[in-house]
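J.: Using UniProt numbering, you'd call the opening residue of the sequence shown number 1 and step up by one each time.
Just so you know, even glycine gets a beta-carbon here, dropped at the ideal spot from N, CA and C.
The structure presented is a predicted model; accordingly, all values stated were derived computationally and were not measured.
First, the structure itself, so that you have it in front of you.
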Amino acid sequence: MEFGYWGFRGLANPMRLALEYAGVEYTDKRFASKEEWHAHRDGALKEAGVAFPSLPYLLCADGTSVSQSRVILRYVAEKHGFGGKTDAERWAAAMVQEECSDLFAAYVKVAFAADDAREAARKEQIAGSITTHMGRLEAFLADKEWVAGGDGVTYADLMLYDVVEWMWSLDGELKDAYPKLRALHGRVGELPAIKAYVARKDGDKPFIDRPFTPSKLG
Numbered sequence: 001m002e003f004g005y006w007g008f009r010g011l012a013n014p015m016r017l018a019l020e021y022a023g024v025e026y027t028d029k030r031f032a033s034k035e036e037w038h039a040h041r042d043g044a045l046k047e048a049g050v051a052f053p054s055l056p057y058l059l060c061a062d063g064t065s066v067s068q069s070r071v072i073l074r075y076v077a078e079k080h081g082f083g084g085k086t087d088a089e090r091w092a093a094a095m096v097q098e099e100c101s102d103l104f105a106a107y108v109k110v111a112f113a114a115d116d117a118r119e120a121a122r123k124e125q126i127a128g129s130i131t132t133h134m135g136r137l138e139a140f141l142a143d144k145e146w147v148a149g150g151d152g153v154t155y156a157d158l159m160l161y162d163v164v165e166w167m168w169s170l171d172g173e174l175k176d177a178y179p180k181l182r183a184l185h186g187r188v189g190e191l192p193a194i195k196a197y198v199a200r201k202d203g204d205k206p207f208i209d210r211p212f213t214p215s216k217l218g
């Protein structure tokens, strides 16, 4: 199995967390330049018949290819038993995934703002979209152990674990403002596979702490 993305955290981290949690063998192909990516796209991926060759992508040993970040995350989760056990859990996980995507979008607006407008963008996003979506997620989590409401982890927990770290990097006070999200982050971080991955600093698949994006904000 081959997973491909850039050599920064970006959209890929929830998928990398899911692959590690699933315990599958995979190659984490991290592209350093557009030229390297285009050569691989127009060579190996074209030869493999990948229908939608974009980053990120997942190429499985049986020839199955999956593209688009949220689809890859759900594919891995459903193949390995953490996509939700009931319809209610599956829909809850899907809704949380979309809320997390809105938070990622808010970070990107700050990260890619002009240098002289970045601080204003940060304050605007925190006061607006970030507060709105983190508040909704805090309320939705309520007293649940895992966000989908079942007795086990879903891919939405992994995505939420990742995105709150992006938010905390914008304003450390957000940690204390949403204690239920912080507690969930702690629970996910203590899962053996996730804990081991985050601690991995070398080898062929080291954990990427920063940068989040290729912007000046990181």
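(1) Measuring straight from C-alpha to C-alpha, what distance separates L158 and A18?
(2) According to DSSP, what are the bridge partners of R30?
(3) Between V110, A156, T154, R200, which has its C-alpha nearest S129's C-alpha?
(4) So, at 8 Å on beta carbons, what are the nonlocal neighbours of F104 in its own chain, with the 5 sequence-adjacent residues on each side left out?
(5) Note down, in chain order, each residue of its chain lying with its Cβ closer than 7 Å to the Cβ of R74, except the 5 sequence neighbours on either side.
(6) Along the chain, where does the beta strand (DSSP E) containing residue 219 start, and where does it finish?
(7) Go ahead and pull the three-state DSSP assignment for Y178.
(8) With DSSP run on the structure shown, which of helix, strand or coil describes L17?
(9) Answer with buried or exposed for I53, where buried requires no fewer than 16 other C-beta atoms within 10 angstroms of its C-beta.
(10) From the DSSP output, read off the bridge partner residues of L58.
(11) Do V198 and F212 count as a contact pair if the criterion is CB distance below 8 Å?
(12) Give the secondary structure of P192 by DSSP, where H, G and I count as helix, E and B as strand, and everything else as coil.
(13) Among G23, M1, N13, whose alpha-carbon lies nearest the alpha-carbon of L45?
(14) Below 6 Å CB to CB, which residues in the same chain sit around S67 once its five sequence neighbours on both sides are set aside?
(15) Nearest to G63 by alpha carbon, out of G149, A120, A48?
(16) Can you grab the Cα-Cα spacing for the pair A127 / L170, in whole Å?
(17) Do G149 and E78 have their C-beta atoms within less than 8 Å of each other?
(18) Should residue 304 be labelled buried (16 or more other beta-carbon atoms within 10 Å of its own) or exposed?
(19) Under a three-way DSSP split, which group does K79 fall into?
(20) Can you name the start and end residues of the alpha helix (DSSP H) that E99 belongs to?
(21) Would you decide whether D116 is buried or exposed? Buried here means 16 or more other CB atoms lie within 10 Å of its CB.
T.: Working from what's here:
(1) 7 Å
(2) Y5
(3) V110
(4) L11, V163, W166
(5) G83, Y155
(6) Outside the shown range of the chain (1 to 218) lies residue 219, about which nothing can therefore be said.
(7) coil
(8) helix
(9) At residue 53 the sequence reads Pro, which differs from the Ile that was named. So P53 counts as buried.
(10) F3, V66
(11) no
(12) helix
(13) M1
(14) F52, S54, Y57
(15) A48
(16) 12 Å
(17) no
(18) What the structure shows of the chain is the stretch from 1 to 218, and residue 304 is not part of that stretch, so it cannot be assessed.
(19) helix
(20) 87-111
(21) exposed
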